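Report on one structure; see the data block that follows.
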Amino acid sequence: MRDFPSCFGESGVQVADSSSNTSKGAQNLVTCIYQCRLRGRSCLITITWNKNLVGQGLSVGINDSSNQCLCKVDIKPWLFSKRRGCKSLEAYSCKIDIYWDLSSAKFGSGPEPLEGFYLAVVMDRQMILLLGDLRKEAFKKTNANPVPSQAVFVS
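Here full-length UniProt numbering is used: the first residue of the sequence shown is 1, the next is one more, and so on.
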């Protein structure tokens, strides 16, 4: 088990419920944290990819510099067969859009996709965070200005 899993590594941290028995499988979980700026304020965006017996999913959380949760969204594209979409949230009195397309995603043994996907966080037509290799498709779908994201990977 690794202390700090890579966002795009082949395997995540194995997390098992303490009450689990041999008939239950372990849940795979990978969490990545990025430092970004929203309206001039520092914030942390947490991306968590998970996989269990029921299906796969991801969650996106945005916290301010004092670690207060500004907004959070859970996306379960594999459970509901919705592998692409958009959800809108609000933080700092502005609309934040989260776009994803996992319809062509390829996975290894871990819960996070390795290629063929994008996950984008957009505010005021500015790309705050962009993950994945389908960058061109992400900018086209989001109508964001083609300025590179200034997000910094923290852990």
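A virtual CB, placed ideally from N, CA and C, is assigned to each residue, including glycine.
Small disclaimer: the values here were computed from a predicted structure and weren't measured.
Proximity winner among the options, relative to residue i (alpha-carbon distances)
i: A91; options: V54, V121, P148; result: V121
i: I96; options: L119, M123, N63; result: M123
i: W100; options: C32, T142, S93; result: T142
i: A144; options: A151, M127, R135; result: M127
i: D74; options: V54, N50, L114; result: N50
i: L53; options: L29, S104, I47; result: L29
i: I45; options: L119, L134, P148; result: L119
Opposing strand residues paired with residue i [DSSP bridges]
i: A56; result: A small fix is needed here, since residue 56 is Gln in this sequence, not Ala. According to DSSP, Q56 bridges with K51.
i: L44; result: Q35, N63
i: D101; result: R84, Y118
i: V152; result: Q35
i: G107; result: Strictly speaking, residue 107 in this sequence is Phe, with Gly absent from that position. Bridge partners of F107: P113.
Same chain only: Cβ atoms within 8 Å of residue i, ignoring 5 sequence neighbours per side
i: C69; result: G61, I62, N63
6 Å Cβ shell around residue i - same chain, five flanking residues per side excluded
i: R125; result: A144, N145
i: G39; result: The question names Gly, but residue 39 is Arg in the sequence shown. Here the set comprises Y92.
i: A151; result: Y34, C36, L129
7 Å Cβ shell around residue i - same chain, five flanking residues per side excluded
i: C94; result: R39, M123, D124
i: L102; result: P77, R83, R84, P113, F117
Residue span of the beta strand (DSSP E) that contains residue i, given as start and end
i: A91; result: 84-91
Boundaries (first-last residue) of the alpha helix (DSSP H) holding residue i
i: K72; result: K72 -> not in any alpha helix (DSSP H); beta strand (DSSP E) instead, spanning 69-75.
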